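Engineer: Here my numbering is used: the first residue of the sequence shown is 29, the next is one more, and so on. Here a beta-carbon is modelled for each residue, glycine too, at the ideal position from N, C-alpha and C. Being a predicted model, the structure only gives us computed values, none of them experimental. Below are the structure tokens for one structure; questions will follow.
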Amino acid sequence: MAEDLYKKAKAICETNHIKEQRGPRRKQKKMEEYVVESSCGTSSSLSNAELLKRNLYFPCLERMINELDQRFTGVS
Numbered sequence: 029m030a031e032d033l034y035k036k037a038k039a040i041c042e043t044n045h046i047k048e049q050r051g052p053r054r055k056q057k058k059m060e061e062y063v064v065e066s067s068c069g070t071s072s073s074l075s076n077a078e079l080l081k082r083n084l085y086f087p088c089l090e091r092m093i094n095e096l097d098q099r100f101t102g103v104s
């Protein structure tokens, strides 16, 4: 579903001659002599479709599910 949304948005951009933009890559931080338990900002390059899913589609679904959960909790 998110992939379809991305394809439609990409088609609209191509029709209107709008270029796809990519965000700047972060430089890797040097963490010598430290124990790092989380990401330092470097990761593999994600496609725009994957970014759309992670930053828009999944958060929207989560908000909708939480809202439904709040509205119907305790209702028989």
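#1: Examine the ligand MN and report whether any of its heavy atoms sits within less than 7 angstroms of the Cβ of I40.
#2: What residue does the alpha helix (DSSP H) around E48 start on, and which one ends it?
#3: Look at L80 and A39 and say whether their C-beta atoms are less than 8 angstroms apart.
#4: If you follow the alpha helix (DSSP H) that R91 is part of, which residue opens it and which one closes it?
#5: Below 8 angstroms between beta carbons: does that hold for E48 and N76?
Structural biologist: Inspection of the coordinates gives the following:
#1: Among the components modelled here there is no ligand, and therefore nothing to report on the ligand MN.
#2: Working through the sequence shown from its first residue, we reach residue 48 at position 20. From DSSP, E48 is part of no alpha helix (DSSP H); its letter is neither H nor E.
#3: Mapped onto the sequence shown, residue 80 falls at position 52. Mapped onto the sequence shown, residue 39 falls at position 11. No. Outside cutoff.
#4: Position 63 of the sequence shown, counted from the first residue, corresponds to residue 91. 86-100 is the span of the alpha helix (DSSP H), which, as asked, contains R91.
#5: In the sequence shown, counting from the first residue as 1, residue 48 sits at position 20. In the sequence shown, counting from the first residue as 1, residue 76 sits at position 48. Yes, these two residues count as a Cβ contact at 8 angstroms.
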